[in-house]
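In my numbering, the protein residues as written are 20 to 746.
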DNA sequence: GTAGGGTTAG
């Protein structure tokens, strides 16, 4: 009993200072008072008869239950009551299930069952089932269902509704529906729970179907069930149904509360009607934080991050969710520097990030590809107690891989106590992007030895590794085992990898066969990868065909037009090149501008082609001249065959020599410590000439050079690249 | 008569 004695009663954490908030003061005092009462009961218990003692303890539990801070204490007192009133256990259960304490509610249930007498009635089940739902404890839920049936409570509408919710929350949507269908009376709450179950399971077509049934059975929908329906329309991209519901809401004068507001705005945005969402948002007389955050997300998802920022900046009071939404907006729109800048601003204001924020920040850092920045974020994560969470570790693996450090990615992986399919897949993709196919395959087999089942994403990583290393046979075998042994239906990305695998290996006929016989309609990516392979292997005719198929699907696709003109340029068909270029000018399409980044002294420096904005531009170009003449002595000659414009040879050479990655490299040679590794991140694919250039510099200057291009890493050392020139 | 519905937005 020592743990309950007065000696251990908590004192104020700051005895010399007055309590800063009144709530802390009252709860502390109340707990002290309760403990004093408890001590009195214990002291006098020998003089009291057992039933009045029990009554006093029950009163004590009731008082503790009033405050969420005292639930643990209440649980301990509850344990001392031999036969608690069912009424008391029910109240106690309700409190525990409403709070984030579902496991404790189940504990109470266990104890009630073990005590004398029955201890349960029909009122016990709704809170109990709610706790089971929160804990997703299916086995316990089924046992409770059995007990309810045995006691004949399973035809009570409240109990039945609880059972529907329990099965839905445990992912057993069919069982939920079975209970639902058997009910003789369903009200709006029952329908709402069933509809929510379908929403959670992603079965949005069923949601709309069920809503029609609900209306047909004359149950009047309220704002809660409507907000679920509206959100389902958004997920199902069913704009016409969404609009109809919106009209229904207006016609029936249903209160549009903030939940419904944000559901409507999000629905319009995800159905492609952002203008409509904005209009609706403008019409709202009071713009609360949640609806504004929904708008920030809506614009971010469309990549219209400037518009998101405008709404963000108009908000006077912003909470963590809103900051996180804006940060992730930048991270996912490939604007990592803004994301990290915002993260700093947020911290200056004293807003503490949570796990969701950190995941966006880590992802931003992965996009940026800056290793020093990555190390800093990793330290921050560990220092602030995020490091043990599985999703965070998984994100760190990806971050280090994308920042060029396979070793550090692997260190994070090795240190993890628990690894899930995402951890393994992240490592496999890491090996794949660094051209290390053997380790990718080893990990793929090892994860299965450890009974982790690969998923569709894992196979993308493995096939990608095969394709980037020319492992044609292995790739074919794995592709068929994915279908036949792992029962995964291949999606576009898997066919994309296979087309890539065959195309790179110059098996273009077979690649085309696959495209023509696959059960899915080929998309832009598939034609694109066939087209790129044709460009590499000089298959003009097929390349032109693939490019034209692609342009049928997406007439303004800049990549297709660029590659088409490259194919023509390689054949010196300048008239055709001119035609493509005119088309691009006419339609206002421009090739994405190449840029390269390099980190130096904790700063990220960015270069465009032939750009002179850098404050050390003179030195950089001087270095470039020096490097070029050094390399010429070992046989380097600028390779201009990829320059798509009809220029004099000398002008073409000038263009190639000013590519942004060469400028970044020269800056690295000037500014980074002698002998250190030079890491460059390029947004497009590296060109053949720059690739040769990097290899030669690694030999002549004795420096390790790591270049991340749009699709993979090139580690150049001693004149050799890790990609073995197979990219 | 003590009971059932919104992880609202990241």
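Ideal Cβ positions, reconstructed from N, Cα and C, are used throughout, including at glycine.
| Item | Value |
| --- | --- |
| Residue 627: first and last residue of the uninterrupted beta strand (DSSP E) it sits in | 622-627 |
| Boundaries (first-last residue) of the alpha helix (DSSP H) holding residue 274 | Taken as a continuous stretch (DSSP letters only), residue 274 belongs to no alpha helix (DSSP H), as it is neither H nor E. |
| Residue 735 - partner residues in DSSP beta bridges | 724, 740 |
| Whole-Å CB distance - residue 289 paired with residue 247, under 8 Å assumed | Wrong, their Cβ atoms sit about 15 Å apart, outside the cutoff. |
| Stretch-stretch touch, CB-based, cutoff 8 Å, three pairs: the stretch 304-323 with the stretch 259-276 | no |
| Integer-rounded CB distance, given that residue 378 should sit under 8 Å from residue 414 | 5 Å |
| Cβ neighbour criterion (16 or more within 10 Å) applied to residue 651 | exposed |
| N- and C-terminal bounds of the beta strand (DSSP E) containing residue 618 | 614-619 |
| CA-to-CA distance, residue 683 to residue 744, given in whole angstroms | 21 Å |
| 8 Å CB neighbourhood of residue 127 in its chain, flanking five on each side removed | 94, 97, 108, 111, 112, 115 |
| Among 175, 479, 168, 587, nearest to residue 447 - alpha-carbon criterion | 479 |
| Cβ pair count under 8 Å reaching 3, the stretch 635-643 against the stretch 715-732 | no |
| Contact set for residue 672: own chain, Cβ-Cβ below 7 Å, skip 5 residues either direction | 657, 659 |
| Anticipated Cβ contact below 8 Å, residue 144 with residue 178, distance rounded | 5 Å |
| Run of the beta strand (DSSP E) containing residue 701, from where it starts to where it stops | 697-701 |
| Endpoints, alpha helix (DSSP H) assigned at residue 178 | 176-188 |
| Segment limits, alpha helix (DSSP H) that includes residue 583 | 577-589 |
| Classification of residue 392 by the beta-carbon crowding that lies within 10 angstroms, buried from 16 upward | buried |
| Residue 451, buried or exposed, once every other Cβ within 10 Å from all chains shown has been counted against 16 | buried |
| Residue 45 (DSSP reduced to helix, strand or coil) | Because the pLDDT of residue 45 is 45, which lies under 50, any placement of that residue in the model is unreliable, and the number read from its coordinates should be weighed accordingly. Three-state DSSP puts residue 45 in a helix. |
| Three-state secondary structure assigned by DSSP to residue 345 | helix |
| Residue 631 in three-state terms, based on DSSP | coil |
| Same chain, Cβ closer than 6 Å to residue 445, five either side skipped, listed in chain order | 413, 416, 417 |
| Distance between beta carbons of residue 735 and residue 717, contact taken as under 8 Å | 4 Å |
| Residue from 215, 262, 205 whose Cα sits closest to the Cα of residue 235 | 205 |
| Residues of its chain near residue 733, where Cβ-Cβ distance is below 6 Å and the 5 sequence neighbours each way are ignored | 726, 740, 742 |
| Opening and closing residue of the alpha helix (DSSP H) in which residue 445 lies | 440-452 |
| Close-in-space but distant-in-sequence residues of the same chain around residue 524 (CB under 7 Å, 5 per side omitted) | 489, 491 |
| Residue 515 and residue 545 closer than 8 Å at C-beta | yes |
| With 16 other Cβ atoms within 10 Å as the buried cut-off, status of residue 401 | exposed |
| Range of the contiguous alpha helix (DSSP H) that encloses residue 688 | 679-690 |
| Opening and closing residue of the alpha helix (DSSP H) in which residue 557 lies | Element bounds for residue 557: n/a, residue is neither H nor E. |
| Alpha-carbon spacing of residue 339 relative to residue 318, whole angstroms | 18 Å |
| Cα-Cα separation between residue 550 and residue 568, rounded to whole angstroms | 10 Å |
| Residue 195 beta carbon less than 8 Å from that of residue 218 | no |
| Distance, residue 679 Cα to residue 688 Cα | 14 Å |
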